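Beneath this line is the structure, given in structure tokens, with notes to follow.
Okay, structure coming up:
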């Protein structure tokens with residue numbers, strides 16, 4: 180059974196990424212709404228921005244570990260019942276998500292460097308990676324938002340495909356990440 184599933188470490192990194200992104204997305208939307216739409220710049224909005232920056236750094240570090248682990252250890256063999264085109268689509272979607280899980284926080288980091296807004300909760304300050312330029316920051320934040328939207332689309336495809344395989348195809352694609360769902 181274990182050979183058909185992802186390793187415990189890979190599953191842990193996967194679900195940790197899911198949890199972090201599941202928190203990060205609504206925090207990012209709400210902080211942006213409060214700050215940019217409502218124009219409310221209070222302690223709550225500041226806390227949301229600080230939390231978003233902190234989670235962004237955490238996501239970037241976890242995903243870099245995850246990609247390194249994947250490159251070093253690989254993945255279990257593909258589910259034998261899926262068509263070649265589905266396997267190719269799955270691989271493209273996975274590597275697209277990995278790329279976006281790196282590019283979204285990097286674009287955000289460039290944005291906070293340009294703004295500059297590198298302080299996190301008054302506890303520590305991230306090093307700037309570019310010279311401050313508030314006009315360029317707007318572009319970086321727009322790119323950050325667009326990439327985050329693309330990530331959400333790829334995640335939706337990923338989840339829909341996993342559920343399709345489990346409920347419609349009744350194969351073991353989902354069981355590779357949730358071993359208790361493996362079918363005999």
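In the working numbering, the protein residues as written are 180 to 363.
We put the CB at the ideal spot given by N, CA and C, even for glycine.
Quick caveat: nothing in here was measured; it's all calculated off a predicted structure.
Which of helix, strand or coil does DSSP assign to residue i?
| i | result |
| --- | --- |
| residue 298 | strand |
| residue 257 | coil |
| residue 351 | coil |
| residue 186 | coil |
| residue 181 | At residue 181, the pLDDT of 47 sits below 50, so the modelled position is not reliable; the number obtained from the coordinates is stated separately. Three-state result, residue 181: helix. |
Determine whether the beta carbon atoms of residue i and residue j lie at a separation below 8 Å.
| i | j | result |
| --- | --- | --- |
| residue 268 | residue 293 | no |
| residue 351 | residue 359 | no |
| residue 333 | residue 279 | yes |
| residue 301 | residue 319 | no |
| residue 213 | residue 206 | no |
| residue 299 | residue 215 | no |
Measuring alpha carbon to alpha carbon, tell me which of the options ends up nearest residue i.
| i | options | result |
| --- | --- | --- |
| residue 209 | 192, 231, 188 | 231 |
| residue 238 | 327, 301, 298 | 327 |
| residue 266 | 206, 283, 295, 340 | 340 |
| residue 255 | 212, 332, 188 | 188 |
| residue 344 | 198, 222, 262 | 262 |
| residue 249 | 270, 258, 223, 213 | 270 |
| residue 311 | 331, 296, 320, 259 | 296 |
| residue 274 | 337, 207, 205, 201 | 337 |
Within the same chain, show all residues whose beta-carbon is closer than 8 Å to that of residue i, passing over the 5 residues directly before and after it, in chain order.
| i | result |
| --- | --- |
| residue 193 | 185, 245, 356 |
| residue 281 | 239, 242, 243, 246 |
To which residues of the same chain is residue i closer than 6 Å at the C-beta, ignoring the five residues directly before and after it?
| i | result |
| --- | --- |
| residue 277 | 246 |
| residue 203 | 234 |
| residue 260 | 350 |
Ignore the nearest five residues each way along the sequence and tell me which others in residue i's own chain have a CB closer than 7 Å to its CB.
| i | result |
| --- | --- |
| residue 329 | 279 |
| residue 287 | 235, 323 |
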